[in-house]
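Let me begin by presenting the structure, written as structure tokens, before commenting on it.
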Amino acid sequence: MKQSIYESLLLKKQKGQKSFAVLIDPDKVDMKEIDKLTGLAIDAKVDYLFVGGSLVISNHLDEVVQQIKKNCSIPVILFPGTPSQVSKYADGLLYLSLISGRNPELLIGQHVISAPFVKQSGLEIISTGYMVIDGGAPTTVSYISNATPIPADKNEIAMCTAMAAEMLGMKLIYMDAGSGAKRAITEDMIAMVAKCIDIPLVIGGGIKDPEKAYRNCKAGADLIVVGNAIEKDESLIREMSAAVHSSAIIV
Ligand code: 1GP
Numbered sequence: 193m194k195q196s197i198y199e200s201l202l203l204k205k206q207k208g209q210k211s212f213a214v215l216i217d218p219d220k221v222d223m224k225e226i227d228k229l230t231g232l233a234i235d236a237k238v239d240y241l242f243v244g245g246s247l248v249i250s251n252h253l254d255e256v257v258q259q260i261k262k263n264c265s266i267p268v269i270l271f272p273g274t275p276s277q278v279s280k281y282a283d284g285l286l287y288l289s290l291i292s293g294r295n296p297e298l299l300i301g302q303h304v305i306s307a308p309f310v311k312q313s314g315l316e317i318i319s320t321g322y323m324v325i326d327g328g329a330p331t332t333v334s335y336i337s338n339a340t341p342i343p344a345d346k347n348e349i350a351m352c353t354a355m356a357a358e359m360l361g362m363k364l365i366y367m368d369a370g371s372g373a374k375r376a377i378t379e380d381m382i383a384m385v386a387k388c389i390d391i392p393l394v395i396g397g398g399i400k401d402p403e404k405a406y407r408n409c410k411a412g413a414d415l416i417v418v419g420n421a422i423e424k425d426e427s428l429i430r431e432m433s434a435a436v437h438s439s440a441i442i443v
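Residue numbering for the sequence shown follows this note's numbering, beginning at 193 and increasing consecutively.
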């Protein structure tokens, strides 16, 4: 039987291997450019393609995912900002609960409404504790979520939040400074959270160079997500992916 996305993440974590994901925002991607982007991702050995955004205005999610899947076997994981961002053509979906905030709609309300539809999709559903960390300026996610991000220097709050999520049975922790964040999450915070949980830790938001991606992995991140920096300079895909993979810990 084919290994699930989550099983692959757990296996890599056991082996000390790190993964790299490119975030594709359906609002920003040009349909004509998708083949070039997936070609670069394949060459760079990108592990996952995330598709989604906090505010998706366009209505072509299915087309974007189908176009990606045409020439590329990298698993496509939906990273939905709203329950409408579900495409059966993807491989998996991060079922995000915004545990850093206290907005009941994003903790459980929207999940209740979308549950039958999400279950019917046949996608691999990965329960994810989603934590927004202050990135130095309001981001789309911090505004749209109507929830206060965890202050960037409050490592203990991040740690306790992640621990609670793990004990509640969530399968993944995603700490995000928000797309285009001025300041990425500190390595100190990543290290503190990583030490206290056994489930895989995803880090994203404002990562602009391969060195930062590398340091995040060394601090304990299992999966690095980059969107904006690659939208600006696609050649970074190769360097970022190589940096992440080179940070593997020999266990
Ligand atoms: C945002 O973590 C992702 O949710 C990626 O952020 O676009 O800043 O790389 P960037």
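The C-beta atom is built at its ideal place from N, Cα and C for all residues, glycine as well. These numbers were taken from a predicted model, which means no experiment stands behind them.
- Residue range 197-207 is occupied by the alpha helix (DSSP H) that includes Ile197.
- Collapsing the DSSP output to three states places Ala421 in a helix.
- DSSP, read as helix, strand or coil, puts Ala434 in helix.
- Contact between the segment 357-371 and the segment 327-334 is present, with at least three C-beta pairs closer than 8 Å.
- Closer than 7 Å to some heavy atom of the ligand 1GP: that describes the Cβ of Ala373.
- In the DSSP assignment, Ser319 is bridged to Tyr287.
- If you keep only unbroken alpha helix (DSSP H) runs of at least 4 residues inside the segment 376-404, you get 379-388.
- Secondary structure note for Val221: it is in no alpha helix (DSSP H), with a DSSP letter that is neither H nor E.
- Per DSSP, the unbroken alpha helix (DSSP H) holding Ser334 starts and ends at 332-337.
- Cβ atoms of Ile317 and Pro275 stay farther apart than 8 Å, at about 13 Å.
- Contiguous alpha helix (DSSP H) elements confined to the segment 234-274 occur at 253-262, taking only those with 4 or more residues.
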